[in-house]
Amino acid sequence: MGRSVYADQSTEAYLKNLLQKNQWYVGLILGQLTQQRDYVLRLARTPDPAEDEACEESEDSGMQSSKELKEPSPRPASLSDAEDKWVATHAKQVTRMLPGGLNVIGIFAIAPAKMLKDSQGKLRELAFAAQRAVTKNMPALPADSIGDRIILQVDKISSKILCSSIDVSDLKSTMRPAEWKYQSFPTRWIRLDACISIDQSFSVPAETKHMPLLKEIQQAISPFCKDIWRSTAMVNGEIRDFHELLIGEDAKKKGKGRDADHCPRESFKVDFMMPLSGSDNILDPKVIEAKELVSVRGIIVCRAFVNRKSSVQDGLEAIKTDVVRNLCARCELLCEDIEVVGELTETRQLFDAPVRVFAPVAESGVDLCDYMFQDEKTEEVLERIKELTDVDVETDKLELDCERPARDSDWDKISSSEYNLSSLQEDCKTGTKQSRFCFILGAVLSGTIAVAAAAMSFYLTQEAT
-8 MGRSVYADQS TEAYLKNLLQ KNQWYVGLIL GQLTQQRDYV LRLARTPDPA
42 EDEACEESED SGMQSSKELK EPSPRPASLS DAEDKWVATH AKQVTRMLPG
92 GLNVIGIFAI APAKMLKDSQ GKLRELAFAA QRAVTKNMPA LPADSIGDRI
142 ILQVDKISSK ILCSSIDVSD LKSTMRPAEW KYQSFPTRWI RLDACISIDQ
192 SFSVPAETKH MPLLKEIQQA ISPFCKDIWR STAMVNGEIR DFHELLIGED
242 AKKKGKGRDA DHCPRESFKV DFMMPLSGSD NILDPKVIEA KELVSVRGII
292 VCRAFVNRKS SVQDGLEAIK TDVVRNLCAR CELLCEDIEV VGELTETRQL
342 FDAPVRVFAP VAESGVDLCD YMFQDEKTEE VLERIKELTD VDVETDKLEL
392 DCERPARDSD WDKISSSEYN LSSLQEDCKT GTKQSRFCFI LGAVLSGTIA
442 VAAAAMSFYL TQEAT
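Residue numbers are given in the working numbering: position 349 of the sequence shown equals residue 340, and the series is strictly consecutive.
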């Protein structure tokens, strides 16, 4: 028996709109995979390729910066001519915009029947390329327990739908039939929220060959990401059995069917208790000559969504995934920005990294997110969301105050050894009803590392040469 894929009715209207246009399309399927059934939240057509989006996805520097202006590039004449990196780039960028629990779960294509028939091998390649793109540079994320991804083909002339699945964990796998169904009412989602403090450092030995900035940051945050997966989590202040459902049967009955629209969305607050590292295996101190010290410190806001049939374990895995993806996305975007503007020229520097903003997907109860630099306008965020996900968001619907950029007072506190993350958390709670957070990147001269910084901080310490 093949997989059962349940799509919100909004996806049917989206497909009908694309079918009316005189060209073929390829795009991403966004949603959630489970052992019982798959949930489709949105379809997002892949934007036409751009010249500089030849995505020369460098092993070291990450993806092409979304802040750069892109010149139009010739669109492939046929689906079979589409380059893997075109869709892979889109998958990478969209994954940054997804909260925990939601993923790129497949690809779709709209084309004449003959073009689809001639592109079966290409569709398979695109599914594998998208999966590689979204899992690359993600430290400590466990392997997916579900390897299947969805491939949806829509005949442009007859509107006939063919749904298949393919196991992207097996290079020899072939497409298997799957059942695509439209739901008469939207999926009800459960929201999980967390606020995470991080304080990690990584010394780069003097004899180490040159390492790209992104790789250094990834090595600095890797232990933290592993600890997140080992951590014990409390849901609304309680440690709950992994196997029980997040919401009880009584609550589920209230939100069934068409009455679901009148029920408030369930939400949970998650707190993490991190494991003590190395406390039972203390070794003699080892002195090394280091040429750099990478230090990441601060607080980030995390959010995840799971379906109403999810267990406690499903919910915790979703929010933990968001912690890792959220942190890695900021590091990548910041490194891309530094490369573009060429700011990393001195041994003592500080950079503002992007803050996280959220945008609702109409009538779904789910939020997308983006990362906003201080020099960006809200219009740029809205345009980016529209371009990459085809979601229209009104300016007043953007959630802009979850985090805040660094203030001058934060910069001053970086040099104070008496200021720590506890002080920062208290600062964030005062002055507004909603906590606000910031994320800073900086470099300080060797030997003068600050003990703590405001919200999210990254230091790169280099010896002067």
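Note that beta-carbon positions come from the ideal geometry of N, C-alpha and C, so glycine has one too.
Close beta carbons around residue i, own chain, < 7 Å, minus the five adjacent residues each side
{"i": "Ala118", "result": "Gly97, Ile98, Arg140, Ile142, Ile157, Val159"}
{"i": "Glu50", "result": "Low confidence applies to Glu50: its pLDDT is 44, below 50, so where it sits in the model is not reliable, and the reading given next is rough at best. Same-chain partners within the cutoff: there are none."}
{"i": "Met265", "result": "Asp218, Ser222"}
{"i": "Arg36", "result": "Leu9, Tyr16, Gly18, Asp381"}
{"i": "Met363", "result": "Pro345, Val346, Val348, Val372"}
Contact under 8 Å by Cβ, residue i with residue j
{"i": "Cys154", "j": "Val(-4)", "result": "yes"}
{"i": "Gln209", "j": "Asn317", "result": "no"}
{"i": "Val315", "j": "Ala131", "result": "yes"}
{"i": "Ser188", "j": "Ile310", "result": "no"}
{"i": "Asp361", "j": "Ala350", "result": "yes"}
{"i": "Thr380", "j": "Gly91", "result": "no"}
{"i": "Gly(-7)", "j": "Arg167", "result": "yes"}
{"i": "Glu323", "j": "Leu205", "result": "yes"}
{"i": "Ala211", "j": "Val287", "result": "yes"}
{"i": "Phe233", "j": "Ser175", "result": "no"}
{"i": "Gln14", "j": "Ile137", "result": "no"}
Beta-carbon separation (whole angstroms), residue i vs residue j, contact threshold 8 Å
{"i": "Val382", "j": "Arg33", "result": "7 Å"}
{"i": "Val145", "j": "Ile101", "result": "5 Å"}
{"i": "Cys393", "j": "Arg321", "result": "In fact, because the Cβ distance is near 13 Å, the residues do not count as touching under 8 Å."}
{"i": "Leu459", "j": "Val372", "result": "Because the chain is modelled from -8 through 456, residue 459 falls outside the range shown and cannot be assessed."}
{"i": "Ser69", "j": "Met106", "result": "6 Å"}
{"i": "Glu378", "j": "Pro67", "result": "Actually they are not in contact, since the Cβ atoms of Glu378 and Pro67 sit about 19 Å apart, beyond 8 Å."}
{"i": "Ile376", "j": "Met88", "result": "7 Å"}
C-alpha distance - residue i paired with residue j, whole-angstrom precision
{"i": "Ile152", "j": "Lys200", "result": "53 Å"}
{"i": "Arg299", "j": "Val261", "result": "17 Å"}
{"i": "Val226", "j": "Lys217", "result": "20 Å"}
{"i": "Ala121", "j": "Lys76", "result": "8 Å"}
{"i": "Arg395", "j": "Thr86", "result": "22 Å"}
{"i": "Thr369", "j": "Asp109", "result": "42 Å"}
{"i": "Thr421", "j": "Gly306", "result": "In this prediction, Thr421 scores a pLDDT of 46, lower than 50, which makes its location untrustworthy; the coordinate-derived value is nonetheless stated afterwards. Distance between the alpha carbons of Thr421 and Gly306: 30 Å."}
{"i": "Lys113", "j": "Val331", "result": "33 Å"}
{"i": "Gly228", "j": "Gln304", "result": "16 Å"}
{"i": "Glu74", "j": "Glu235", "result": "44 Å"}
{"i": "Phe215", "j": "Leu162", "result": "31 Å"}
{"i": "Glu207", "j": "Cys326", "result": "11 Å"}
{"i": "Thr386", "j": "Leu267", "result": "43 Å"}
{"i": "Ser192", "j": "Cys319", "result": "15 Å"}
{"i": "Ser203", "j": "Asp343", "result": "Checking the displayed sequence, the identity of residue 203 turns out to be Pro instead of Ser. Rounded to the nearest angstrom, the two C-alpha atoms are 19 Å apart."}
{"i": "Asp135", "j": "Leu93", "result": "13 Å"}
{"i": "Phe259", "j": "Ala104", "result": "46 Å"}
Nonlocal neighbours in the same chain, by C-beta distance under 6 Å from residue i, ignoring five residues either side
{"i": "Ala124", "result": "Ala79, Ala82, Lys83"}
{"i": "Ser164", "result": "Ile157, Asp158"}
{"i": "Trp180", "result": "Phe296, Gly356, Val357"}
{"i": "Leu391", "result": "Val348"}
{"i": "Arg28", "result": "Ser(-5), Tyr(-3)"}
{"i": "Ser71", "result": "Asp109, Ser110, Lys113"}
{"i": "Phe263", "result": "Ser222, Ala224"}
{"i": "Arg231", "result": "Val303"}
Cβ neighbours of residue i in the same chain (closer than 8 Å, five flanking residues each side left out)
{"i": "Glu354", "result": "Ser1, Pro177"}
{"i": "Glu374", "result": "none"}
{"i": "Glu3", "result": "Tyr173"}
{"i": "Tyr5", "result": "Arg33, Leu34, Asp381"}
Any non-hydrogen atom of the ligand SAM within 7 Å of residue i CB
{"i": "Pro345", "result": "As for the ligand SAM, it is missing from this structure, which has no ligand bound."}
Check whether the segment 193 to 202 and the segment 278 to 289 touch, using three or more Cβ-Cβ pairs below 8 Å as the test.
yes
Does the contact criterion of 3 or more C-beta pairs under 8 Å hold for the segment 290 to 302 versus the segment 215 to 224?
no
inquiry  = For the pair the segment 169 to 185 and the segment 9 to 16, tell me if three or more CB-CB distances fall below 8 Å.
reply    = no
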